[in-house]
Amino acid sequence: MKKKMQRAVQLAALMALTAMSSGVSAALTNEQLLSVLLSNGAINQQQYDDLTKLSKEDDDAAKKAIEDEVKVSMKGGHIKFKTADNEFKFQVGGRVMVDSAWYMANANTDPDKNWGNGTEIRRARIFLKGTVWDNWDFKVQYDFAGSGSLKDAYLRYTGLKQYLDHPLNITVGNFKEPFSLEELTSSKYITFMERGLPNAFAPSRNLGVAANSYGKVLDDGNWTAALGWFGQGITANNKNGQNEGNAVVGRVTFAPWASKTKVLHFGGAAEYRTYDQELIRIRERPEAHTANNRLVDTGKFRADSSMKWNVELAGVYGPFSVQGEFMQDRIDLTDYAEDVTMSGWYGYASWFITGESRKYSNKSGTFGRVKPKGIVGKGGWGAWEVAARYSNLDLNDGPITGYSENNATIGLNWYATPTIRFMANYVFAWSNNPGLTDPNIAQLRGQIDF
Amino acid sequence: MKKKMQRAVQLAALMALTAMSSGVSAALTNEQLLSVLLSNGAINQQQYDDLTKLSKEDDDAAKKAIEDEVKVSMKGGHIKFKTADNEFKFQVGGRVMVDSAWYMANANTDPDKNWGNGTEIRRARIFLKGTVWDNWDFKVQYDFAGSGSLKDAYLRYTGLKQYLDHPLNITVGNFKEPFSLEELTSSKYITFMERGLPNAFAPSRNLGVAANSYGKVLDDGNWTAALGWFGQGITANNKNGQNEGNAVVGRVTFAPWASKTKVLHFGGAAEYRTYDQELIRIRERPEAHTANNRLVDTGKFRADSSMKWNVELAGVYGPFSVQGEFMQDRIDLTDYAEDVTMSGWYGYASWFITGESRKYSNKSGTFGRVKPKGIVGKGGWGAWEVAARYSNLDLNDGPITGYSENNATIGLNWYATPTIRFMANYVFAWSNNPGLTDPNIAQLRGQIDF
Amino acid sequence: MKKKMQRAVQLAALMALTAMSSGVSAALTNEQLLSVLLSNGAINQQQYDDLTKLSKEDDDAAKKAIEDEVKVSMKGGHIKFKTADNEFKFQVGGRVMVDSAWYMANANTDPDKNWGNGTEIRRARIFLKGTVWDNWDFKVQYDFAGSGSLKDAYLRYTGLKQYLDHPLNITVGNFKEPFSLEELTSSKYITFMERGLPNAFAPSRNLGVAANSYGKVLDDGNWTAALGWFGQGITANNKNGQNEGNAVVGRVTFAPWASKTKVLHFGGAAEYRTYDQELIRIRERPEAHTANNRLVDTGKFRADSSMKWNVELAGVYGPFSVQGEFMQDRIDLTDYAEDVTMSGWYGYASWFITGESRKYSNKSGTFGRVKPKGIVGKGGWGAWEVAARYSNLDLNDGPITGYSENNATIGLNWYATPTIRFMANYVFAWSNNPGLTDPNIAQLRGQIDF
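Residue numbers (the numbering used here), protein chains in the order written: chain A, 1 to 450; chain B, 451 to 900; chain C, 901 to 1350.
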């Protein structure tokens, strides 16, 4: 009898285990009760067997019901749905970022070229994403800010990991080309309100197809690799009978340390793009998106092709972090025999006064969400981070006069909750553009993602 | 016995199958049974204690599981998600409004200035909103009608109520400035298809920051107060080197009665706004959004600042309701020494033939959703409301010639369900604008929000 | 031993702790147990009655809880919510289609009129739809591709079936006019990447009101009928003082066979539309949406009214399918005494190599989702379909010179999962347009709907 009971208990525990969730547990009590009644002679063996079988069937039905069930989670500030077997997943969410900026500069002789204060919705996005039949991911994301723009819109097959040593994902659609650590780090997580000046070169999203993989190296290190072919933009860019340009692009990263509080990241990428004599333009705002002027701007010129490359370096040591990139763009001009070469770089350091660490994402070789140790409104004070960056962009070469610019930025970030952040940036901008005066810019942001 | 048992098992399996969560309650039965068995001597005290403990543990586990669960509700016509502890909430929804209008007017000498019949999607919105970590609310709403426009996009902190006597919310982002009862009442709930003529002065949504509070007065009365600072629009309005204009605005309301069927509401608001010599324009359609002409229109003129104010009065007595506002806008012109003062007012009465009352919202001092006593398609006939309004707008003063207009409107509303409404409006419009003929307008709307 | 058991029990309870829902069914087991205990004399009749009553109450409470619950399903690749009584339903989803196309053609004397390769997001849509209070459906759908466009935005009453022999639905809002089998078949399900050339005549979505019904005929046959009144587009089309044009349109279909693997469909539709001397234009791309030229294009001309009609024929026999349509458009010109008559037709055949059948939708008389027998990534190879189409469009008549075009297309479709499809089309296009060269077009698509 004792043994039987023990067996029953073990079985019950096992069942509760596989069931994950639930309930069911009332059945457990029943089985114990039946054992007791049998041993007391209150029921006979036949009755015990019948009732135990009944109880088991109930249990199985409940387990089946639980497996079929969709789980909803909200605890992290995002609403997520998934089937209990993880075969199907779905998420709807978005982000809102609201900016206000004040410009301090000498008056321009042309009043239209003064710097004006302004407020704006920097980003207001919604997305739907999910997984279907285990191995297919999708995402659609739209940004309602400004005149609106489609962001991610892709389909991804992740099923090759069944046949290979490593994960190898194939993505088709509109998504970011694998180029530049700061560009590939989501705007939700970048350290300053705007990415540094050399971001002018980063291709960002285009319509294409790419393969990516990643894996472990050394004790707690990590590598990633991505290779893709991309067209231009989300509409057919062939209006004047030209072929739309296209690009081959690849990126590799290597992180000998990639733990929660200690990261050392090396990376590099290159993109070769054809243009079919298209008019292109390279320009950048002074690290403030509300700016109504650009200190560096090549104007439009015709190009046949471009070759871009960059190198990335980043490190995290507890609450301290540094990050830097150098980028170069060599452009084959249509209307001149010579090529032009433009370049830029930035470097920055940040410190979480409250002790958090910047989070490194092993799958993408980029940075991710910082979770403050205390939540504002729930007895905590959030996370506080101070940071400083210097960045440079030189768009002057040969026949192209785009001027050069240097920015120094200091920043203060307050992470009220894992999904809510307030930012203050003060930017000092200098350029050799004779048509504009150099501004200092104070700007604030409130942001939430959900 | 065997057959009965089998049938019972099948039934149980079926139930468990369709089921998801539930019932806890089996544990209770167990405890009763154990008591009976103990007193009958079928089990001994030790067995009773063990089994009772087991049963209690089951019960507690089930209760805890239910608490961790996300609740989904749909019964009001809106889908809402929340954690059982109310810490996280999420909602996705929207609204669709479809209009058709017919214009009756004498022919114009300029055929391009005739009034043309038309159909349009008046509003087609979706929104995501929610609460995270108890004290932070957010909302994003976009309107796909016309060429599309971002509506609400904000982040709100509601946690100060932990430290203060009253709720005091801080909102950052794009939302309606606190000005005008009719403007602040959602388009889902306004009594006529379009707001009255003086709505030309209401600032509606801008990007800014505001504080608002509310509380009880007298027996069943209510007050609200709001104060905010706002910029202009959702993109930086500084293109010509000007600073974007900004405004300080406040509104207070006082309702000595604010019950379900008896409301008396007094309110007033004021907004002081700077423009930095910007070109502005004040104009309004004849209370029909499909109108291809405007009888009142100042054209563009430059302004340095404006001072707006309004007073509000509204009452509900059972199925009867009245509402009125007066608004004035005093504008400091850039190109003339003098100021100009423009104004408008409206007043209306409505009667629910089927006995419902307009609903007053205590938190915002505006009007809300009317729930019909019977649902169409479920045996009821919905709610029926008749209403009449007179409104006036005078945009003529000093050097500004915008003409003046008077409208009389009669309306019939049919609330088929709490979220579905059909509206018919007939508008008589008169103006002293010599370039246009006065139209009569018949218009219909179908609307749903979800 | 006792301790061990207790530990095991605690473990089991802990596991159930993380759980969510629970076991209704235990109550049933209780009833069986009570019967046994009664017949064994371990409890008396009074105790049996009391405990049985208690158990029943538990059971009822559990059933009630289940009924109040919202069910979430994801297994088909779409997330759907509904109350257990089906009174309220909600779904959020969308589709993404990504294209790349290569054009082969002789060089044009005007280089701007060459055909250029291109990539594009063909469709990137999200929708919200649902049912409220049993009898009211709604849908909003927006397409973010290109410069964005509102698709479905409607409200539908389905409650008349309570009073009539047949379903009779009334729809108000923006939705497709009932005209043309291929137009009414969703872009998710059409056999080729683009609809055939005569689709130039199909009115597609406008703002209006329509009634539709359907029913059974013969053994497994089906009929549908729809009649509607529609305006033009989603904004009031009355800018120059004209009245917006409007149309009366109807469609009937008859399918003597309408089973899962055998379909014979006949259909026809007609639309009479007024234009109030509006400028209209009829044109069509060569069955490739990335095309930067159109071989057939009437240019703008003024019309008073048009009368369109079409006939439809389709058949499915196991994996084989054929489909064809003829359309004609007779237009009353404003600037010429005579009418012009334009027309077009297409015919195609398709074969599912893997044995699936095209699915016929009885409610709408159109084609629907094909579910492959094997899922890619879950051990299957998906469904494979080959197809060929010939289509013609003649826009030349009387004073209108729009040229005529013939296309031949071969297609290969791979349905990886029920919601994911990859398509390859090769189009041969010929026209008598002297200003353009005839292209051959190779194009690819990846698509998912969710």
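Ideal Cβ placement from N, Cα and C applies to all residues, glycine included. None of these values were measured; they are calculated from a predicted model.
List the DSSP bridge partners of residue i.
{"i": "Tyr553 of chain B", "result": "B:Ile891"}
{"i": "Ala858 of chain B", "result": "B:Tyr840, B:Phe878"}
{"i": "Ile420 of chain A", "result": "A:Thr417, A:Ile448"}
{"i": "Arg251 of chain A", "result": "A:Ala226, A:Ala269"}
{"i": "Tyr1042 of chain C", "result": "C:Ile1026, C:Leu1050"}
{"i": "Ser1206 of chain C", "result": "C:Arg1173, C:Ile1231"}
CA-CA distance, residue i and residue j?
{"i": "Asn1292 of chain C", "j": "Met1242 of chain C", "result": "11 Å"}
{"i": "Asp1119 of chain C", "j": "Arg1258 of chain C", "result": "20 Å"}
{"i": "Lys750 of chain B", "j": "Ala650 of chain B", "result": "14 Å"}
{"i": "Gly797 of chain B", "j": "Ser636 of chain B", "result": "18 Å"}
{"i": "Gly411 of chain A", "j": "Lys828 of chain B", "result": "59 Å"}
{"i": "Ala105 of chain A", "j": "Gly77 of chain A", "result": "41 Å"}
{"i": "Thr641 of chain B", "j": "Asn863 of chain B", "result": "8 Å"}
Who are the near neighbours of residue i in its chain, counting only those whose CB is closer than 6 Å to its CB and skipping five residues on each side?
{"i": "Thr224 of chain A", "result": "Tyr214, Thr253, Gly365"}
{"i": "Pro1299 of chain C", "result": "Tyr1236"}
{"i": "Leu600 of chain B", "result": "Tyr592, Ile684"}
{"i": "Gly794 of chain B", "result": "Leu647, Pro648, Met777, Asn842, Leu843"}
{"i": "Ile170 of chain A", "result": "Tyr157, Ala211"}
{"i": "Trp565 of chain B", "result": "Tyr553, Ala555, Pro889"}
Do we get a CB-CB distance below 8 Å when we pair residue i with the residues of chain A?
{"i": "Ala462 of chain B", "result": "Interpretation of Ala462 of chain B is limited by its pLDDT of 38, a score under 50 that renders its predicted location unreliable; no figure is taken from the coordinates."}
{"i": "Thr1009 of chain C", "result": "no"}
{"i": "Asn1325 of chain C", "result": "no"}
{"i": "Asn1262 of chain C", "result": "no"}
{"i": "Met974 of chain C", "result": "yes"}
{"i": "Gly1311 of chain C", "result": "no"}
{"i": "Asp615 of chain B", "result": "no"}
{"i": "Glu1020 of chain C", "result": "yes"}
So, at 8 Å on beta carbons, what are the nonlocal neighbours of residue i in its own chain, with the 5 sequence-adjacent residues on each side left out?
{"i": "Phe235 of chain A", "result": "The residue you asked about is not Phe; residue 235 of chain A is Thr in the sequence shown. Within the same chain, Thr235 of chain A has no close Cβ partners at all."}
Looking only at its chain, what residues have a beta carbon closer than 7 Å to the beta carbon of residue i, apart from the 5 residues adjacent to it on each side?
{"i": "Tyr1315 of chain C", "result": "Val1270, Pro1272, Gly1282, Ala1283, Arg1321"}
{"i": "Lys563 of chain B", "result": "Asn743, Gly885, Leu886"}
{"i": "Thr1198 of chain C", "result": "Arg1181, Ile1182, Arg1183, Leu1295, Ile1300, Gly1302"}
{"i": "Asn1262 of chain C", "result": "Tyr1114, Asn1122, Ala1158"}
{"i": "Thr334 of chain A", "result": "Gln277, Arg302, Ala303, Asp304"}
Counting contacts by CB-CB distance shorter than 8 Å, is residue i in contact with chain B?
{"i": "Gly1059 of chain C", "result": "yes"}
{"i": "Gln1142 of chain C", "result": "yes"}
{"i": "Phe144 of chain A", "result": "yes"}
{"i": "Thr1301 of chain C", "result": "no"}
{"i": "Leu954 of chain C", "result": "yes"}
{"i": "Gly994 of chain C", "result": "no"}
Residue i CB to nearest chain C CB: under 8 Å?
{"i": "Gln45 of chain A", "result": "no"}
{"i": "Thr171 of chain A", "result": "no"}
{"i": "Asn174 of chain A", "result": "yes"}
{"i": "Glu541 of chain B", "result": "The identity of residue 541 of chain B in the sequence shown is Gln, whereas the question assumes Glu. No - not a single Cβ of chain C is within 8 Å of the one on Gln541 of chain B."}
{"i": "Val370 of chain A", "result": "no"}
{"i": "Val70 of chain A", "result": "yes"}
| task | Mind listing, in chain order, the continuous beta strand (DSSP E) runs of no fewer than 3 residues lying wholly within the region 597-685 of chain B? | result | Listed in chain order, the beta strand (DSSP E) elements of length 3 or more contained wholly in the region 597-685 of chain B are 599-607, 618-626, 655-667, 671-680.
| message | Which complete beta strand (DSSP E) runs does the region 316-390 of chain A hold, if anything under 3 residues is left out? | response | Every unbroken stretch of the beta strand (DSSP E) spanning 3 or more residues and falling wholly within the region 316-390 of chain A is given here in chain order: 320-333, 339-352.
| task | Taking only runs that begin and end inside the region 501-535 of chain B, name each unbroken beta strand (DSSP E) of 3 or more residues, in chain order. | result | Along the length of the region 501-535 of chain B, whole beta strand (DSSP E) runs at least 3 residues long occupy 520-523, 529-533, reported in chain order.
| said: List, from N- to C-terminal side, the beta strand (DSSP E) runs of 3 residues or more that fit wholly inside the region 709-736 of chain B. | reply: For the region 709-736 of chain B, whole beta strand (DSSP E) runs of length 3 or above, ordered along the chain, are 712-730.
| task | Anything in the region 674-691 of chain B with a Cβ closer than 9 Å to a Cβ of chain F? List those residues in chain order, please. | result | The structure shown has no chain F; the protein chains it does contain are A, B and C.
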